[in-house]
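Novice: Shown below is the structure under consideration.
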Amino acid sequence: MATRHDPPIGTDLRGSDRRSLGFVRPYRHIGELNPVERSKLQRHPYEAIGAVIDVYARQGAGAIDGVPGEMERLKWAGIYPQRQGGDAFMLRVKVPGGLLTAAQAREIGVVAEVFGEGPEDNPMFGNGYADLTTRQDVQVHWVRIEDVPRIWERFDKVGLTTIQACGDSARNVLCCPVSGIDPDEVLDALPVAVAISDFFTGNREYANLPRKFKMSVTGCLEDCAQAEINDIGLWPARAGDGSVGFNLLVGGGLSDGERMASDIDVFVQPDQAVEVCRAIAQLFGELGNRENRGLSRMRYLVEELGPEVFRAELAARARIPLAPAGDTLTRHYRGDHVGVHPQKGDGLFAVGCAVPVGRMTGIELVEAARLAETYGDGTLRLGTDQNFVLTGVLRDRLDDLLAEDLVQRCSPFPGPFERGVVACTGSEFCRFAVIETKERAVRLARWLDAELGADPTGPAPGAPAASAAPAAPGAGPPDRGIIRLHVSGCSASCAQPQIADIGLRGATAERHDRMVEAVDIGVGGSLGLDAAFVDWVDGGRPVDELGSALARLVRRYRDDRRPGETLATWARRTPVPAVRAALDGQVEELTEPMEGRR
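Right, here's the structure in full:
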């Protein structure tokens, strides 16, 4: 049974303002604090959490506007205003490491169904739905402020919280979704991810950072926690004495100023991870930019100081000596666990189910919880690809599980585009997005899979030599591979278009004297040992021209690719004019790109 909290918000609020206020003092004499920083000094964001229970749920959403800066502070409660305004909010649930018990998944499903009903049905997704996110969170829309305390009470009973799912603090901590059951993992990093999350969540002393603070940790060999694009990335390494732990990366991120994280030559034992993350948070809090919100992410601080100086500043704050980095053990970037795969344990399998763009109805989440209890070990594991994995399934139960209606809809054997499609919230709910994303991305992925036929379109994720055969008799068709198509409604990059095979970023274009929805197109992104961001090869292409352009691009890739070559790798060796010509249906000689393009 989960620990109950008072108030019932899924965590205990603890600590004082002493340290968080100390973070801010240097900037009071260097420059003017930005408005968000000033509002945090006037009223600590945690105060808004109690106000939700005591005031706003009783007086209504209008009372929030009576407190300057309060809408921003509500982010620390996991609450965002929707673009519709008024009493319509998004509530984000933290799921450290992506691990949900069946009881937790069921509760989120019930909340989505009961408290997340919008004024009208979405033409594709219906109503009462939840979104699985690229940070292993779950988001529920159309929540009314008066219902939030009741939702928190329900979540508290099953060990869930929304606290610090948003805001200038430690966000959800990522981990490989199959930690602890991956046959090839170096170590089970999930307990480390949970310990880091537990330290920061509800900790007032580290809840006032210059900007959002994103961490990931994994013990797998396949970079499942995306270490390179997090403020802190811990991925597996072996020290000189043979012990295993993590090498430390810092300063990664996307949005407008994308940056791959830097290796700062630090080896971290599993029992040191919390302290290293705490010390980095202290460093960020003390030296980070609190004047310009556009330059306040930690990656800008790492870029400003350089890896060597950043390491020295970390050493001055850490309560343990810093050891030099070990040998990095990561092999490649996998990106998903869709399909049927052997796991640790004799005759046990993990079944990864594709949820195009991560959107499930509340009823479907409740059903997923039932399947986890009926066929598996009673857990659902969420990935950064907006999909979920059922684990602990016995071989002789596979066929029955695969015949279930939900698994037929969220298939472990999708087409390459349905498998790889990721989308942010888009203009349906987000105030910053300039295009609709979720429905458009699903329709586009399904159209491309149908248009391009049943032949494998991209290599299967995993080791280059991985078999494309099913993991068990009767487990389904051969793996058709994956094309990662990420659709982001604006430049904030919540759908991570910069690391996709094909990344789409919302834009506008003028056609026939009117403005229409459009996208910028990038190709060639990936993580792992060959990590690189996309090249933006086309700008402002109207969305109604997008399907045929991408089909032409993929056909050109199929014609030109080398054995085992991903679309991202093909795009990197292909000159930008030739990629652009493929989008337009023109023929241009493909030659190796000039040195320095990458």
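Counting in the working numbering, the sequence shown runs from -15 upward without gaps. Glycine included, every Cβ here is placed at the ideal spot set by N, Cα and C. Since we're looking at a predicted model, the values are computed, not measured.
(1) Label A296 either buried or exposed according to how many other C-beta atoms from any shown protein chain fall within 10 Å of its C-beta, with 16 as the threshold for buried.
(2) When burial is assigned at 16 or more other CB atoms within 10 Å of the CB, is L528 buried or exposed?
(3) Touching or not, the segment 511 to 530 and the segment 390 to 397, by the rule of three or more beta carbon pairs under 8 Å?
(4) Run through the segment 208 to 243 for me and flag every whole beta strand (DSSP E) of 3 or more residues, listed as ranges in chain order.
(5) Is E212 buried or exposed, if buried means 16 or more other CB atoms sit within 10 Å of its CB?
(6) At 4 residues or longer, and completely inside the segment 286 to 363: list those alpha helix (DSSP H) runs for me, N to C.
(7) Can you tell me whether P340 is buried or exposed, with buried defined as 16 or more other CB within 10 angstroms of its CB?
(8) Keeping to the same chain, check which residues put their C-beta closer than 6 Å to that of Y270; ignore five residues upstream and five downstream.
(9) Go through its chain and collect everything with a Cβ distance to V20's Cβ below 7 Å, but skip five positions before and after it.
(10) Suppose the cutoff is 6 Å on Cβ atoms and the five residues either side in sequence are ignored; what does the same chain contact list for A493 look like?
(11) Under the assumption that V234 contacts I216 (Cβ atoms under 8 Å), give the Cβ distance between them as a whole number of angstroms.
(12) How long is the line joining the alpha carbons of P65 and I48, rounded to whole angstroms?
(13) Would you kindly report the start and end of the unbroken beta strand (DSSP E) that includes F416?
(14) Could you spell out the range, first to last residue, of the alpha helix (DSSP H) harbouring A32?
(15) Quick one: what's R365 bridged to in DSSP?
(16) Assuming the contact rule is C-beta atoms closer than 8 Å, C159 and G62 should be a hit. Round their C-beta distance to whole Å, please.
(17) Compare the beta carbon distance of P308 and F251 with 8 Å and say whether it is the shorter of the two.
(18) Looking at chain D, is there any beta carbon in it that lies within less than 8 Å of the beta carbon of L205?
(19) Quick one: what's got a C-beta closer than 8 Å to A87's C-beta in the same chain, skipping five residues either side?
(20) Please classify A552 as buried or exposed, where buried requires at least 16 other C-beta atoms within 10 Å of its C-beta.
(21) Between the beta-carbon of G100 and the beta-carbon of G346, is there less than 8 Å?
(22) Quick one: what does DSSP say A450 is sitting in, helix, strand or coil?
(23) Once the 5 residues before and after L267 are set aside, which same chain residues still bring their CB inside 7 Å of it?
(24) With DSSP as the reference, label I129 as helix, strand or coil.
(25) Mapping DSSP to helix, strand and coil, what is S280?
(26) Pick from T312, A177, L366, G236: whose alpha carbon is nearest that of Q482?
(27) Pull up the distance between the alpha-carbon of R222 and that of G53, whole angstroms please.
(28) Using CA atoms only, rank isn't needed, just tell me which of L75, G310, V178, F183 is closest to V127.
(29) Compute the Euclidean distance between the alpha carbons of A565 and A429, then round it to the nearest angstrom.
(30) Taking all protein chains shown into account, decide if L513 is buried (16 or more other Cβ within 10 angstroms of its Cβ) or exposed.
(31) Using a threshold of 8 Å, state whether the C-beta atoms of G34 and I147 are closer than that.
(32) So the beta strand (DSSP E) A491 belongs to, where does it begin and stop?
(33) Name, in chain order, the residues that DSSP records as bridge partners for V507.
(34) Going along the chain, which residues of its own chain have a beta-carbon closer than 6 Å to the beta-carbon of L171, five neighbours each way excluded?
(35) From which residue to which residue does the alpha helix (DSSP H) around M55 run?
(36) Compare the C-alpha of P161 against each of V201, T314, E348 and name the closest.
Specialist: Quick look at the numbers:
(1) So A296 counts as exposed.
(2) Strictly speaking, residue 528 in this sequence is Asp, with Leu absent from that position. Counting other Cβ atoms within 10 Å of its Cβ, D528 stays below 16 and is therefore classed as exposed.
(3) Result no; under three Cβ-Cβ pairs closer than 8 Å.
(4) As far as the segment 208 to 243 is concerned, its whole beta strand (DSSP E) runs of at least 3 residues are 216 to 222, 228 to 234.
(5) Buried, because 16 or more other Cβ atoms sit within 10 Å of the Cβ of E212.
(6) You should have 291 to 301, 346 to 359.
(7) With 16 or more neighbouring CB atoms inside 10 Å of its own CB, P340 falls in the buried class.
(8) Per the sequence shown, residue 270 should be read as Glu rather than Tyr. Within the same chain, F7 come within 6 Å of E270 by CB-CB distance, once the 5 residues on both sides are set aside.
(9) Closer than 7 Å at Cβ, skipping near neighbours: E56, R277.
(10) Once the five neighbours on either side are set aside, the close Cβ partners of A493 are V500, A502, G524, P526.
(11) Contact flag correct, Cβ pair sits at about 6 Å.
(12) A straight line joining the alpha-carbon of P65 with that of I48 spans about 11 Å.
(13) Segment: none, F416 is in no beta strand (DSSP E) and carries neither H nor E.
(14) First-last of the alpha helix (DSSP H) with A32: 30 to 35.
(15) Residue pairing by DSSP places R365 opposite L83, V373 in a beta bridge.
(16) About 20 Å separates the Cβ atoms of C159 and G62, ruling out a contact at the 8 Å cut-off.
(17) Yes, Cβ-Cβ distance for P308 and F251 is below 8 Å.
(18) No chain D is part of this structure, which consists of one protein chain only.
(19) Excluding positions up to five away in sequence, the list reads V142, A353.
(20) A552 comes out buried.
(21) G100 places its beta carbon less than 8 Å from that of G346.
(22) Confidence at A450 is low in this model, with a pLDDT of 37, below 50, so the placement of that residue should be treated as unreliable; the coordinate-derived value is given next. Reduced to three states, the DSSP call for A450 is coil.
(23) The answer, listed in chain order, is E297, L298, R301.
(24) In the structure shown, I129 sits in a helix (DSSP, three-state: H, G or I).
(25) Shown here, S280 sits in coil according to DSSP, grouped into three states, outside any helix or strand.
(26) Shortest Cα-Cα distance from Q482 to any of T312, A177, L366, G236 involves G236.
(27) Going by the C-alpha atoms only, they are around 47 Å apart.
(28) For the residues L75, G310, V178, F183, the minimum Cα distance to V127 belongs to L75.
(29) Their Cα atoms are separated by approximately 22 Å.
(30) Exposed, because fewer than 16 other Cβ atoms sit within 10 Å of the Cβ of L513.
(31) Between G34 and I147, the gap from beta carbon to beta carbon reaches 8 Å or more.
(32) Unbroken beta strand (DSSP E) run through A491: 486 to 495.
(33) Partner(s): I486, D519.
(34) Hits under 6 Å: G203, V228.
(35) Residues 54 to 57.
(36) Of the candidates V201, T314, E348, the residue whose Cα lies closest to the Cα of P161 is V201.
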